[in-house]
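Some notes on the structure that comes next.
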Amino acid sequence: MEIIKIDGDQYIIDSSFDNDDKSKIKDCLKYIEEFNDVNKFKPIKIDKAS
1 MEIIKIDGDQ YIIDSSFDND DKSKIKDCLK YIEEFNDVNK FKPIKIDKAS
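Quick note on numbering: the sequence shown equals residues 1 to 50 in my numbering.
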């Protein structure tokens with residue numbers, strides 16, 4: 001999951017899978033990266049809350 005900004009509005013981009021197969025995590029990340037590349041988006045860095 002990541003947050004992007006378009007025209008001043010923030011959106012959450014999510015990629016998920018249907019079952020508990022943890023090996024799909026890399027695929028989810030790949031899909032988000034491809035989505036960003038195609039649309040020229042950059043994720044917003046969010047600092048962890050204390």
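Backbone N, C-alpha and C fix where the C-beta goes; we use that ideal spot for every residue, glycine too.
Legend entry - Burial state of residue 2 (16 or more Cβ within 10 Å): As a working mapping, residue 2 is identified with position 2 in the sequence shown. For residue 2, the number of other beta carbons within 10 angstroms of its own is at least 16, and it is reported as buried.
Inset, instruction - Could you spell out where the beta strand (DSSP E) holding residue 27 opens and where it closes? - result: Locating residue 27 in the sequence shown gives position 27, where the first residue counts as 1. Taken as a continuous stretch (DSSP letters only), residue 27 belongs to no beta strand (DSSP E), being part of the alpha helix (DSSP H) at 25-39.
Inset, instruction - Count the other C-beta atoms from every protein chain shown that fall within 10 angstroms of the C-beta of residue 16, then say buried if there are 16 or more, exposed otherwise. - result: Within the sequence shown, numbered from 1, the residue matching residue 16 stands at position 16. Answer is exposed; the Cβ neighbour count stays below 16.
Inset, instruction - Measure the alpha-carbon distance for residue 21 versus residue 47 and round it to whole angstroms. - result: On the sequence shown, residue 21 is found 21 positions in, with the first residue counted as 1. On the sequence shown, residue 47 is found 47 positions in, with the first residue counted as 1. Within the model, the alpha-carbon separation for residue 21 versus residue 47 is close to 28 Å.
Legend entry - DSSP bridge partner residues for residue 5 (one or two, in chain order): Your numbering for residue 5 matches position 5 in the sequence shown. DSSP output for residue 5 lists 10 as bridge partner(s).
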